[in-house]
Amino acid sequence: MDLLRDLLDKQVLDRKQVKIGKVDGLVAELRQGKPPRVVAVELGSITLARRLGSRPGRLMAWLAARFGGERHAEPHRIAWNKVRNIGVDVEVDVDVRRTGIFDWQDWLRDRVIGRIPGA
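With numbering that gives the first Met the number 0 as the guide, the letters of the sequence shown map in order to residues 0 to 118.
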C-alpha cells in the first residue's frame with residue numbers, strides 16, 4: 000500500500016458513518032534501525048496549510064488559536080489504531096461528537112450564517 004497515494008485527501012467517516020473531513024496528513028514515528036511507523040492521521044486546515052509550507056502552516060495555527068483558543072492551535076489527530084477500514088473512504092472508530100473537529104463549523108453556523116436573514 001502506498002500510504003500517501005491511498006490515504007491523502009480521502010473522506011474520513013466516524014463510527015456512525017458521519018463525514019468528518021478528509022485526511023490531510025500522516026504522522027509517522029521514526030525508529031532507529033527500523034522503518035517508520037504511522038501513528039496517526041491528521042485532519043484540518045492547519046495540516047492542509049502545512050502542505051503549502053511552514054509559513055502558511057504557522058499562520059493557520061495562529062489564526063486557529065486566536066479565534067478558537069489554544070486547544071485549536073494543533074491539527075486534529077486520529078490514532079492509527081482507530082483506523083478500521085481503508086477503502087473508498089477511511090473509516091475510523093471515533094465518535095465525532097466527542098471531538099473538537101466540528102467546533103469551527105458550529106461556531107460559524109451559530110455566529111455568522113445564522114444571523115443572515117433567510118438563512
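All residues carry an ideal CB built from backbone N, CA and C; glycine is no exception.
Please name the residue in the options whose C-alpha comes closest to that of residue i.
i	options	result
LEU3	ASP13, PHE66, VAL17 and VAL26	VAL26
HIS75	ASP102, GLN31, SER53 and ARG30	ASP102
LYS9	VAL91, ALA64 and GLU28	VAL91
ASP13	GLN104, PHE66, GLY113 and THR98	THR98
LYS15	GLY24, GLY68 and VAL95	VAL95
GLY68	TRP106, ILE112 and ASP1	TRP106
LEU47	ASP23, ARG30 and LEU29	ASP23
ASP1	GLN104, ILE85, VAL93 and GLY32	ILE85
For residue i, report the span of its beta strand (DSSP E) as first-last.
i	result
LEU12	10-12
LEU7	Unbroken run through LEU7: none, as it is neither H nor E.
ARG96	No beta strand (DSSP E) contains ARG96, which DSSP labels as neither H nor E.
ILE77	75-78
ARG70	Unbroken run through ARG70: none, as it is neither H nor E.
ARG114	Where ARG114 is concerned, there is no enclosing beta strand (DSSP E), given that its DSSP letter is neither H nor E.
ILE82	The sequence shown places Val at residue 82, not Ile. 82-85 is the extent of the beta strand (DSSP E) around VAL82.
Quick check on the burial criterion: 16 or more other C-beta atoms within 10 angstroms. Buried or exposed for residue i?
i	result
ILE100	buried
ASP109	exposed
LEU51	exposed
VAL87	exposed
SER44	buried
VAL121	Outside the displayed range of the chain (0 to 118) lies residue 121, so it cannot be described from this structure.
ARG70	exposed
ILE77	buried
Inset, instruction - Would you check if there are 3 or more beta carbon pairs closer than 8 Å linking the segment 58-72 to the segment 4-21? - result: In the pairwise beta carbon analysis, the segment 58-72 is classified as not touching the segment 4-21: fewer than three pairs are separated by under 8 Å.
Legend entry - Segments of 3+ residues assigned as beta strand (DSSP E) that fall wholly inside the segment 22-54: Listed in chain order, the complete beta strand (DSSP E) runs (minimum 3 residues) inside the segment 22-54 are 24-28 and 36-42.
Inset, instruction - Count the CB pairs spanning the segment 30-50 and the segment 79-90 that are closer than 8 Å, and state whether there are at least three. - result: By the Cβ rule, the segment 30-50 counts as touching the segment 79-90, because three or more pairs are nearer than 8 Å.
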